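4 protein chains.
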Amino acid sequence: MTLEASVVGGSGFTGGELLRLLSGHPEFAVTQATSRSYDGKTVGSVHPNLRGLDLRFSDPTDLDSVDVLFAATPHGVSMEQIDEFEDAADTVVDLSADFRLSQESQYDEWYDGHVCPEYLEKSEYALPEINRENLPGADLIAAGGCNATATILGLKPLFDADILSGDEQVVVDVKVGSSEGGAGGGEASSHPERSGIVRPYAPTGHRHEAEIEEFLGLSVSFTVHAVDMTRGAAATCHVFPDGPVSKGDLWGAYRESYEDEPFMRMVAGGSGVYRYPEPKAVAGSNFGEVGFEVDPGNKRLVVFSAIDNMMKGSAGQAVHAANVALGFEETAGLDFAGLHPVGAP
Amino acid sequence: MTLEASVVGGSGFTGGELLRLLSGHPEFAVTQATSRSYDGKTVGSVHPNLRGLDLRFSDPTDLDSVDVLFAATPHGVSMEQIDEFEDAADTVVDLSADFRLSQESQYDEWYDGHVCPEYLEKSEYALPEINRENLPGADLIAAGGCNATATILGLKPLFDADILSGDEQVVVDVKVGSSEGGAGGGEASSHPERSGIVRPYAPTGHRHEAEIEEFLGLSVSFTVHAVDMTRGAAATCHVFPDGPVSKGDLWGAYRESYEDEPFMRMVAGGSGVYRYPEPKAVAGSNFGEVGFEVDPGNKRLVVFSAIDNMMKGSAGQAVHAANVALGFEETAGLDFAGLHPVGAP
Amino acid sequence: MTLEASVVGGSGFTGGELLRLLSGHPEFAVTQATSRSYDGKTVGSVHPNLRGLDLRFSDPTDLDSVDVLFAATPHGVSMEQIDEFEDAADTVVDLSADFRLSQESQYDEWYDGHVCPEYLEKSEYALPEINRENLPGADLIAAGGCNATATILGLKPLFDADILSGDEQVVVDVKVGSSEGGAGGGEASSHPERSGIVRPYAPTGHRHEAEIEEFLGLSVSFTVHAVDMTRGAAATCHVFPDGPVSKGDLWGAYRESYEDEPFMRMVAGGSGVYRYPEPKAVAGSNFGEVGFEVDPGNKRLVVFSAIDNMMKGSAGQAVHAANVALGFEETAGLDFAGLHPVGAP
Amino acid sequence: MTLEASVVGGSGFTGGELLRLLSGHPEFAVTQATSRSYDGKTVGSVHPNLRGLDLRFSDPTDLDSVDVLFAATPHGVSMEQIDEFEDAADTVVDLSADFRLSQESQYDEWYDGHVCPEYLEKSEYALPEINRENLPGADLIAAGGCNATATILGLKPLFDADILSGDEQVVVDVKVGSSEGGAGGGEASSHPERSGIVRPYAPTGHRHEAEIEEFLGLSVSFTVHAVDMTRGAAATCHVFPDGPVSKGDLWGAYRESYEDEPFMRMVAGGSGVYRYPEPKAVAGSNFGEVGFEVDPGNKRLVVFSAIDNMMKGSAGQAVHAANVALGFEETAGLDFAGLHPVGAP
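Residue numbers (the numbering used here), protein chains in the order written: chain A, 13 to 357; chain B, 13 to 357; chain C, 13 to 357; chain D, 13 to 357.
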């Protein structure tokens with residue numbers, strides 16, 4: 013028996029990914045997708061890959077009762093509507109930042125405050141590789157953010173293996189695709205201005221620093237660049253551990269963390285064209301890739317982490333979390349392998 | 013009970029797509045993938061999206077017995093090895109041009125002749141939307157070529173509706189991605205030379221003219237351009253029918269042909285960003301899109317047809333044909349919807 | 013002694029190209045650039061390549077007196093302001109469509125009418141390779157449109173050589189870059205939706221048909237596709253002449269027309285990567301390339317024509333025309349050769 | 013009176029840029045361009061932007077006597093042929109790494125040794141913004157490497173202003189285009205595999221570390237990624253100074269170093285789309301851009317530096333150095349402003 017699911021904010025990019033994933037998911041039936049702008053239009057008129065889907069957007073002010081509601085709204089919307097979401101569904105999975113952090117003070121510092129801080133304690137952050145044990149039975153789940161997910165997946169094994177403790181110098185230089193800017197456009201994201209770029213778009217002060225600090229206990233020097241792809245987030249972590257670390261140590265640490273993970277792959281050298289993690293290799297899929305190299309001369313480790321920001325960094329992560337929360341097979345609905353070759357992912 | 017399948021030529025692009033599709037197919041188990049160059053290497057070392065696949069390339073001179081053998085070798089190889097293929101498998105699905113045409117003389121004219129013309133009569137061309145009735149029980153299947161498939165899918169409904177008879181002027185201007193050049197490289201396909209191009213690569217005399225002429229009975233003025241995408245073939249057909257044709261006539265013709273087809277979508281105007289067929293909208297999927305517009309001032313119809321050249325134009329078409337030939341669900345293993353957005357497909 | 017020049021509409025893409033060309037031109041000094049939106053800002057804050065230019069945008073309602081005024085405003089603006097332009101400058105070069113056609117009825121048919129049709133007779137259309145003799149002394153010049161220019165340059169030699177008379181079937185299939193949409197953005201031109209596309213954006217009825225018909229005397233079957241580049245227009249002309257034409261005939265025709273032209277290059281076969289005209293080969297320059305091939309089986313000629321839509325198709329054409337009109341060296345300020353390699357042009 | 017110049021290795025990408033620059037240079041006449049592979053072919057058959065140039069490649073074994081010889085050969089070739097080069101020309105400008113470093117031991121460590129170490133003392137490294145005073149009269153000039161140039165230009169002002177002394181932690185994360193791989197191709201640089209990537213191609217141990225260490229006295233943690241552009245190198249320098257540094261301090265330091273430099277631009281915040289250095293903004297030009305931001309929470313400075321790797325990072329740098337060495341105007345032949353917009357640069 014399938015569960016009923018709805019997507020609030022279904023016309024955005026992550027909303028479209030949710031609709032794609034849920035409509036092919038063996039345990040869910042999508043019964044509603046909302047969109048203020050496209051109320052009454054078919055889902056396929058916005059998301060051309062879903063032209064075969066028999067579903068029209070409806071107005072977000074009239075939410076159906078469902079088993080699970082996925083909210084893919086801009087930051088700030090879910091905190092305003094959380095009571096409606098909770099009324100409409102037994103389980104709410106939110107893809108925004110509104111319920112990821114645990115302290116109101118963090119929202120004061122990094123966002124524009126919070127209107128319902130009492131929910132922060134109740135919500136479960138979801139990055140299943142890191143904290144899947146918290147998810148079963150959760151009724152408000154906050155899927156981890158894209159750039160934070162890439163970073164945390166890259167660095168967490170170093171903490172688990174006691175290579176990092178949290179006091180070390182770590183620089184994270186992230187490269188992201190244009191879908192992180194969301195649907196809609198604007199001059200900076202117009203094709204003539206946006207194509208072929210290496211553009212510093214968050215030189216300092218990116219909000220995901222807060223998420224990384226909370227879940228790794230590490231203050232990272234974080235910088236985000238926009239590059240010419242649509243999907244993908246690639247985090248290059250320059251890590252300066254206290255003592256010497258060998259490549260064998262790293263293989264041990266990452267294997268210990270990830271060798272049984274259904275969505276994690278280790279890529280660190282080897283032959284062929286794809287020797288380290290790359291967004292292209294995971295585009296469209298829920299896989300994450302991590303790899304690493306040692307730079308003894310500079311007492312540095314370089315860790316590479318690549319995800320599809322709209323999948324493992326958003327919609328895929330949300331479905332993965334829902335699978336864990338509801339006791340389904342973890343990979344249900346998430347078995348697409350990705351493509352080779354693919355152009356700009 | 014699953015059937016055993018092998019892929020000969022598994023390290024090329026279409027070979028990789030076959031391995032992706034077959035490894036996720038409910039009715040097949042892949043037992044062998046051959047590659048002369050990568051003998052002994054894992055499939056994932058060449059196709060990074062398949063890193064999770066527990067399979068290594070083996071030498072093509074030692075073929076396992078299987079139920080179905082898919083041959084994804086360059087043109088000219090299958091005709092040399094067809095006896096080995098037939099010995100190894102009950103059903104052979106060939107993705108090259110070697111068995112698509114019915115007459116040896118066509119191979120003399122368009123290719124470098126044929127070494128086993130006796131097979132031409134036995135083989136079944138496969139473009140299921142056009143001739144699925146020929147496929148059940150076939151033991152040698154020749155999957156239609158990418159650019160020919162795009163063109164035939166675009167024009168066939170006009171013949172079925174008696175809008176075209178074969179004597180009319182038809183110009184087909186095709187735009188294709190870089191995967192049509194295959195894996196390996198070369199100066200013209202190197203990234204600095206190949207990116208951002210509109211390059212006439214077959215101004216006249218493209219071999220798919222033969223295929224189109226055989227299956228439509230139409231001599232087309234055919235020109236192919238390379239543009240900046242990896243996957244995709246978009247055929248723009250400029251058609252000059254004998255009498256007036258309305259847009260309603262066209263809707264009628266295309267609906268008649270395609271409304272029950274599981275992989276065909278009609279897109280002809282409407283609202284939103286994607287108003288006509290585009291390769292982006294079908295990238296990675298087995299869908300084909302057709303659309304049209306009427307230009308009364310020039311007594312012209314413009315028909316647009318878009319496919320993923322590696323899917324509906326090759327590996328997807330081969331799996332679709334095998335599904336029909338073997339009595340499986342037509343869409344088995346081919347349910348991926350495609351992505352939105354996707355960069356260069 | 014340099015002439016004073018101004019650019020009205022200097023913050024758009026063609027306005028920026030004019031400012032680049034004029035600021036490096038030996039005969040002009042730019043004294044004013046207007047922009048309603050960026051009044052008071054430096055030119056370099058909008059056009060980053062011009063950061064070194066000591067010039068700020070001023071309000072378009074207060075035009076300085078200059079020798080030559082270049083108007084790079086959207087279609088419809090120049091016809092409203094032509095009296096102001098004429099008051100401000102001895103010579104006006106307009107880059108919009110407002111003064112290209114000779115008959116008011118054409119504006120009624122293809123545009124939204126015309127508010128000052130009396131100027132249509134006075135203005136000179138400018139495509140110097142075709143009609144440079146009309147330009148000296150002209151005081152209102154209408155630079156030819158990008159897609160029309162590519163088409164006319166490709167086909168004109170066939171008329172001059174009596175290979176075409178105007179009654180033949182000609183299909184022109186154009187591929188253009190994203191700069192044709194202008195600065196500003198919008199959903200369809202946002203990077204995620206616009207990258208990697210082959211998108212039919214003017215299936216039929218493109219306004220440049222009027223320009224082509226007026227200056228070639230030919231009704232063309234015209235279709236425009238958007239592809240993944242920023243600059244460039246490539247016209248593929250499928251031509252069906254009445255009698256047989258050899259490749260030698262074509263070389264003769266094109267050499268006759270273009271061998272003394274400073275900006276025209278013939279590229280038709282030969283060796284290397286670039287065997288036919290390509291927008292990449294002329295990006296940033298004022299060069300145009302034409303090439304051709306014969307398809308005897310279909311009684312067809314295929315003519316390829318490539319320009320940079322913002323240069324030979326707009327700002328470069330305007331400066332070229334001004335050079336001719338004012339008696340300067342034709343190539344003055346237009347000597348940039350283009351780049352190799354260049355990514356997406 | 014112009015000087016005669018030759019280009020050895022004229023068919024590669026940087027050789028083509030040299031030919032473009034020198035053929036438009038007021039002080040030079042190009043009399044020879046050599047190429048082993050294209051001996052006898054026109055320069056325009058390889059570099060399509062130079063189709064108008066009346067020059068054919070000649071064999072590199074027969075060098076003409078010239079005033080200045082530019083060598084654009086792969087690393088290791090110039091050291092083998094330096095005596096021939098010196099015989100042929102009064103001034104040799106080498107674009108390879110063969111004469112950049114001062115110690116034979118550095119070549120043993122970072123390259124495959126050196127065959128004529130006696131020349132290392134005689135050669136002058138050339139990065140004019142850093143050491144133009146060494147160049148007048150030099151007869152063997154080694155133009156600085158692309159990634160090293162981007163890095164040194166970004167960091168040198170911090171040393172000059174005593175913000176850095178050489179003992180601090182500095183991470184340099186570089187993003188480069190596909191032209192750095194040179195002409196020719198190969199599987200990893202084929203369009204299907206190379207487009208849309210974020211690929212770690214030198215995770216550690218890039219040879220330019222040696223150049224940076226020699227000329228800055230700083231050991232940098234250096235990592236290079238390949239991204240989807242053709243031209244461009246963007247260095248993001250994460251710098252951890254000993255004490256607090258304000259943005260005002262940085263403006264002071266960079267203005268002090270660069271405000272009179274003809275090719276350097278400072279871009280650090282402000283309005284519009286281009287707020288920090290970007291390769292797009294300098295593509296095709298000899299400009300370099302630097303910018304910066306302060307991250308007080310992490311006691312970090314972030315410095316951005318962007319150049320066109322084939323211009324300021326190679327051919328442009330070589331011509332700039334020759335201009336200084338020979339007493340010409342520094343900007344002679346280097347006045348192209350770049351383009352806006354441009355696709356992938």
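The beta carbon of each residue, even a glycine, is placed where N, CA and C say it ideally should be. All of these numbers come straight from a predicted model, not from anything done at the bench.
Tell me which residue opens and which closes the beta strand (DSSP E) that residue i is part of.
i	result
R211/C	210-214
C249/A	245-252
A327/B	Counting along the chain, A327/B falls outside any beta strand (DSSP E), and DSSP gives it neither H nor E.
S233/D	233-239
K187/A	181-188
V314/B	312-319
D79/A	78-83
For residue i, which residues in chain A fall below 7 Å Cβ to Cβ?
i	result
P60/B	Y286, A293, H352
S191/B	P353
What residue range is occupied by the uninterrupted alpha helix (DSSP H) comprising residue i?
i	result
R144/B	Unbroken run through R144/B: none, as it is neither H nor E.
V58/B	55-58
In chain C, what lies closer than 9 Å to residue i by C-beta?
i	result
S57/D	G282, S283, G284, Y286
Distance check for residue j and residue i, CA to CA, integer angstroms please.
i	j	result
S117/A	H332/B	56 Å
G4/D	L176/D	Beyond the ends of chain D as shown, which are 13 and 357, falls residue 4/D; an answer cannot be given.
L338/C	S326/C	18 Å
A41/B	L31/B	10 Å
R312/D	V257/A	25 Å
F252/A	D185/D	15 Å
T92/C	C128/C	According to the sequence as given, residue 92/C is Glu; it is not Thr. Computed Cα separation, rounded: 8 Å.
S90/A	A84/A	9 Å
G355/D	L75/B	48 Å
L132/B	V78/A	57 Å
F25/B	V336/A	35 Å
What does residue i reach in chain C if we use C-beta pairs closer than 8 Å?
i	result
M241/D	G355
So which residues on chain D does residue i lean against when the C-beta distance must stay under 9 Å?
i	result
F25/C	H352, P353
Whose Cβ in chain B lies nearer than 9 Å to the Cβ of residue i?
i	result
G51/A	It should be noted that the sequence gives Asp, not Gly, for residue 51/A. Per Cβ cutoff of 9 Å: no residues; D51/A is ~13 Å from chain B at best.
Which chain A residues are close to residue i, counting only those with a beta carbon under 9 Å from its beta carbon?
i	result
D95/B	Here the premise fails: no neighbours, minimum Cβ distance about 31 Å.
Using a Cβ cut-off of 7 Å, pull out every chain B residue sitting near residue i, in sequence order please.
i	result
G244/C	V210
Applying a beta-carbon distance threshold of less than 7 Å, which residues of chain D neighbour residue i?
i	result
G296/C	G296, L351
Kindly list, in the order they appear in chain A, the residues whose Cβ is closer than 8 Å to that of residue i.
i	result
R277/B	R63, G64
### Query
For the 8 Å Cβ check, are there 3 or more pairs between the stretch 94-108 of chain C and the stretch 230-241 of chain C?
By the Cβ rule, the stretch 94-108 of chain C does not count as touching the stretch 230-241 of chain C, because fewer than three pairs are nearer than 8 Å.
### Task
Could you tell me whether the stretch 276-284 of chain D touches the stretch 300-319 of chain D, where touching means 3 or more Cβ pairs closer than 8 Å?
Touching, per the Cβ criterion.
### Query
What residues from the stretch 61-86 of chain D come within 9 Å of chain C, judged by C-beta to C-beta, listed N to C?
Taking 9 Å as the Cβ-Cβ cut-off against chain C, the residues of the stretch 61-86 of chain D that qualify are N61, L62, R63, G64, L65.
### Message
Three Cβ pairs or more, each shorter than 8 Å: is that satisfied between the stretch 241-250 of chain D and the stretch 210-229 of chain A?
### Response
Three or more beta-carbon pairs separated by less than 8 Å link the stretch 241-250 of chain D to the stretch 210-229 of chain A, which places the two stretches in contact.
#### Entry: Near-chain D residues of the stretch 194-213 of chain A (beta-carbon distance less than 8 Å), N- to C-terminal order
Cβ contacts with chain D come from E199, A200, P204, E205, S207, G208, I209, V210, R211, P212.
### Residues of the stretch 24-45 of chain A with Cβ closer than 9 Å to any Cβ of chain B, in chain order
Listed in sequence order: F25, G28, E29, R32, S35, G36.
### the stretch 334-350 of chain A: positions lying closer than 9 Å to chain B by Cβ
Here the close residues are D347, F348, A349, G350.
### Query
Of all the residues that make up the stretch 173-184 of chain B, which are near chain C by a beta-carbon distance shorter than 7 Å?
So the list reads Q181, V183, given in the order they occur along the chain.
### Task
Could you tell me whether the stretch 132-139 of chain B touches the stretch 215-222 of chain B, where touching means 3 or more Cβ pairs closer than 8 Å?
Contact annotation: the stretch 132-139 of chain B does not touch the stretch 215-222 of chain B, with fewer than three C-beta pairs closer than 8 Å.
### Task
Quick one: which residues of the stretch 296-325 of chain D get their C-beta closer than 8 Å to a C-beta of chain A? List them in chain order.
Of all residues in the stretch 296-325 of chain D, G303, E305, V306, D307, G309, N310, R312, V314, F316, A318 have a Cβ within less than 8 Å of some Cβ in chain A.
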